[in-house]
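Using my numbering, you'd call the opening residue of the sequence shown number 4 and step up by one each time.
The C-beta atom is built at its ideal place from N, Cα and C for all residues, glycine as well.
What follows is one structure encoded as structure tokens, with my remarks underneath.
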Amino acid sequence: MKVYFLTLGCRVNQYETDALRRMFLDRGHELAKEPKDADCCVVNTCSVTGEADRKSRQMLRKMARLNPGTIVVAAGCSAETTDGKIAADIVAGTKERLTIVDRAEKLFAERRELTHEQDHVRPAVSQKDVYHDFGSVLSPEGCRAFMKIEDGCDSFCTYCIIPFARGRVASRSPESCIKEARYLAESGFKEIIVSGIHLCSYGKDRGEDIMSLARLLKEIDDTEGLERLRLGSLEPISMTDEFIDALADLKHICPSFHLSLQSGSDTVLKRMNRHYDSKGYASRAERLRSRFPDMSLTTDIIVGFPGETGEEFEETMRFAEEMKFSRIHVFPYSLREGTKAASMEQVAHEVKRQRESRLLSLASDLSERFAAGMVGRQEAVLVEKTEGNKAFGYTANYVRSQIEFADKTGLPSSGDIVKGTVTGTSGAELVLKNGL
4 MKVYFLTLGC RVNQYETDAL RRMFLDRGHE LAKEPKDADC CVVNTCSVTG EADRKSRQML
64 RKMARLNPGT IVVAAGCSAE TTDGKIAADI VAGTKERLTI VDRAEKLFAE RRELTHEQDH
124 VRPAVSQKDV YHDFGSVLSP EGCRAFMKIE DGCDSFCTYC IIPFARGRVA SRSPESCIKE
184 ARYLAESGFK EIIVSGIHLC SYGKDRGEDI MSLARLLKEI DDTEGLERLR LGSLEPISMT
244 DEFIDALADL KHICPSFHLS LQSGSDTVLK RMNRHYDSKG YASRAERLRS RFPDMSLTTD
304 IIVGFPGETG EEFEETMRFA EEMKFSRIHV FPYSLREGTK AASMEQVAHE VKRQRESRLL
364 SLASDLSERF AAGMVGRQEA VLVEKTEGNK AFGYTANYVR SQIEFADKTG LPSSGDIVKG
424 TVTGTSGAEL VLKNGL
């Protein structure tokens, strides 16, 4: 078969698409560049918001419209959470991804007429889930490698469908994680990004605490050839002093931490069922900065959460400024059926957009301020691409950078780490000169 892949949503989804791609290739199938050329189209869907769910359904219908003869596969979160009809020939939610190749091959061999429609019943959330290990996964593009070590979430925030889409926390075995880290380093990747749906819960399903993640990171940190170890999203409630100290002891840890916030208002956090307050969050950020003085702190914030008043939003604005975030991912609240927040009092669309615009403006200003504070420093940049006599990439604390060379003869390649001095900024991007 010729197989086309379309990925929606998060980095974990992209990782799983990379795994599925490898599984098809290992069975002798080929990749299609366009849906119209494919015998099978795999859409890895997203369900994190109502809008993401709508787009997932739209993309499934589009695949069938572009190529009525293709086998349409609905994979991932939206496929897991949908009740009723799905515009696909194969539905394989988050628990059935490993069956996709076998099912597609069987359907392709039968050569029967395709309906592009399946009835689906949303499964109940189990009390315990098993980690589905794809083995070592190599991304076909990029110079940084993502490594998934955990799936699922037990938090049940009132706005979030993910525990229903991916189930309870399920952790990958340390042995499998370490094996993949070695494979990635041997494949030439200098940076590994350790990720999961709820990364700080790694080991929880085995009765372990946050130090289980710390011990695994120590093993990965010792991987020969690794130069950077970066972490995915972290939860403030899990960031104990002991864990932060263990991070500081790692040789290759990147001083860039994504500490999920969602709101700077304590009353909104309570309605979200987030289990921490702004004071606790600030305490964890302060502890991190005491061990990583040059670190960048990034976060997610939802504006217009149900019932959010003007004063609650102003609390978020003030807290964001106080935290001096280097980057904020801003999301206007999107109603998701099946969550508790869907039945709460909704904020008007135009109010959400106004608040989004204000917070985005502050976020841009904070990013520029953080970049300006790095002028004069010596930094190392992991190169992603080159244009003319410039290389582009990211510093260890994850600031987008351009580094200028005297001529093209000394230009590095993608995946190289080069050093330079920060001479200025272009917005929130650093400008460096090669050489120390």
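Exposed unless 16 or more other CB atoms sit within 10 angstroms - verdict on F159: Burial call: exposed.
- prompt: Under 8 angstroms between the Cβ atoms of I164 and T84?
  reply: The criterion of a C-beta distance shorter than 8 angstroms is satisfied by I164 and T84.
message: Whole angstroms are fine: how far does the CA of T243 sit from the CA of D212?
response: Taking the straight line from one Cα to the other gives about 10 angstroms.
Next on the checklist: Using a Cβ-Cβ cutoff of less than 7 angstroms, which residues in the same chain neighbour S266 once the five nearest sequence positions on both sides are dropped?
Outcome noted: The residues are L272, M275, I304, I305, F308, T319.
Exercise for the section: Could you tell me the distance, in whole angstroms, from the CA atom of F408 to the CA atom of L414? Expected result: Taking the straight line from one Cα to the other gives about 7 angstroms.
Could you name the residues that DSSP lists as bridge partners for E314? DSSP lists no partner for E314.
Buried or exposed: H261, going by 16 or more other Cβ atoms within 10 Å of its Cβ? By the neighbour-count rule (16 or more Cβ atoms within 10 Å), H261 is buried.
Does G199 come out as helix, strand or coil in the three-state DSSP assignment? Reduced to three states, the DSSP call for G199 is strand.
Helix, strand or coil for N437, going by three-state DSSP, please let me know.
N437: strand per DSSP, three-state reduction.
query = From which residue to which residue does the alpha helix (DSSP H) around R60 run?
reply = First-last of the alpha helix (DSSP H) with R60: 53 to 69.
request  = Output the boundary residues of the beta strand (DSSP E) element that contains P177.
outcome  = Not the beta strand (DSSP E): P177 falls in the alpha helix (DSSP H), residues 177 to 189.
Beta-carbon separation of M478 and L11 under 8 angstroms?
-> Since the first residue of the chain shown is 4 and the last is 439, residue 478 is not available in this structure.
Limits of the unbroken beta strand (DSSP E) element including N47:
Start and end: 43 to 48.
Would you decide whether R218 is buried or exposed? Buried here means 16 or more other CB atoms lie within 10 Å of its CB. With fewer than 16 other Cβ atoms within 10 Å, it is exposed.
task = Could you tell me the distance, in whole angstroms, from the CA atom of T20 to the CA atom of A168?
result = Distance between the alpha carbons of T20 and A168 is about 16 angstroms.
Margin query: Looking at the secondary structure, which residues open and close the alpha helix (DSSP H) in which L117 lies?
Written below: In this chain, L117 is not harboured by any alpha helix (DSSP H), its DSSP state being neither H nor E.
For the alpha helix (DSSP H) that contains D252, what are its first and last residues?
Annotation: D252 is outside any alpha helix (DSSP H) and is labelled neither H nor E by DSSP.
For A77, does the three-state DSSP call read helix, strand or coil? Here A77 sits in strand by DSSP.
Fill in: Buried or exposed by the 16-neighbour rule on C-beta atoms within 10 Å, applied to A109
Note that residue 109 is Lys in the sequence shown here, rather than Ala. Burial call: exposed.
Based on the DSSP secondary-structure assignment, which residues constitute the bridge partners of Q381? As a beta-bridge residue in DSSP terms, Q381 pairs with T424.
- Can you grab the Cα-Cα spacing for the pair K193 / P71, in whole Å? Roughly 43 angstroms separates the two Cα atoms.
Does the beta-carbon of Q381 have 16 or more other beta-carbons within 10 angstroms, so that it is buried, or is it exposed?
Counting other Cβ atoms within 10 Å of its Cβ, Q381 stays below 16 and is therefore classed as exposed.
Judging by CA-CA distance, which residue of L435, S370, D208, R24 is the nearest neighbour of D157?
Restricting attention to L435, S370, D208, R24, the CA atom closest to the CA of D157 is found in D208.
Can you tell me whether V172 is buried or exposed? The criterion is at least 16 other CB atoms within 10 Å of its CB, across all chains shown.
Buried, by the Cβ-count rule.
- [ ] Decide if the region 348 to 357 is in contact with the region 169 to 189; the criterion is three or more beta carbon pairs, one per stretch, under 8 angstroms apart.
- [x] As far as the Cβ criterion goes, the region 348 to 357 does not touch the region 169 to 189, which means the pair count is below three.
Item to complete: Identify, in the order they occur along the chain, each residue of the same chain with its Cβ nearer than 7 angstroms to the Cβ of T48, setting aside the five sequence neighbours on each side.
Response: If we look at T48 and ignore the five residues flanking it on each side, its Cβ neighbours are L11, S59, A77, A78, G79, C80, S81, A82.
S281 to L300 span [Cα, whole Å]: CA-to-CA, the gap between S281 and L300 works out to about 15 angstroms.
key: Of the residues S429, R24, I93, the one placed nearest K441, counting alpha carbons only   = With the chain covering only 4 through 439, there is no way to say anything about residue 441.
Would you call L28 buried or exposed, if buried means 16 or more other Cβ atoms sit within 10 Å of its Cβ? The residue is exposed, with fewer than 16 neighbouring Cβ atoms inside 10 Å.
task: Within its chain, find whatever has a CB closer than 8 angstroms to the CB of F246; leave out the 5 residues flanking it on each side and keep chain order.
output: Here the set comprises I213, M214, L216, A217.
C-beta contact flag for P258 and F295 at 8 angstroms: P258 places its beta carbon less than 8 angstroms from that of F295.
Sequence-distant residues of the same chain with beta carbon closer than 8 angstroms to D224, five excluded per side: If we look at D224 and ignore the five residues flanking it on each side, its Cβ neighbours are L232, L253, K254, H255, I256.
- Task: Going by CA-CA distance only, name the one from T52, D105, E33 that's closest to C13.
- Result: Answer by Cα proximity: T52.
Which residue comes first and which comes last in the beta strand (DSSP E) that contains Y7?
-> From DSSP, the beta strand (DSSP E) with Y7 extends over 5 to 10.
| query | Which residues in the same chain have their Cβ closer than 8 angstroms to the Cβ of K327, if we skip the five residues on either side of it in sequence? | reply | So the list reads L300, L369, R372, F373, once near-sequence residues are dropped.
Item to complete: Indicate whether Y397 and V378 have their beta-carbon atoms separated by less than 8 angstroms.
Response: No. Outside cutoff.
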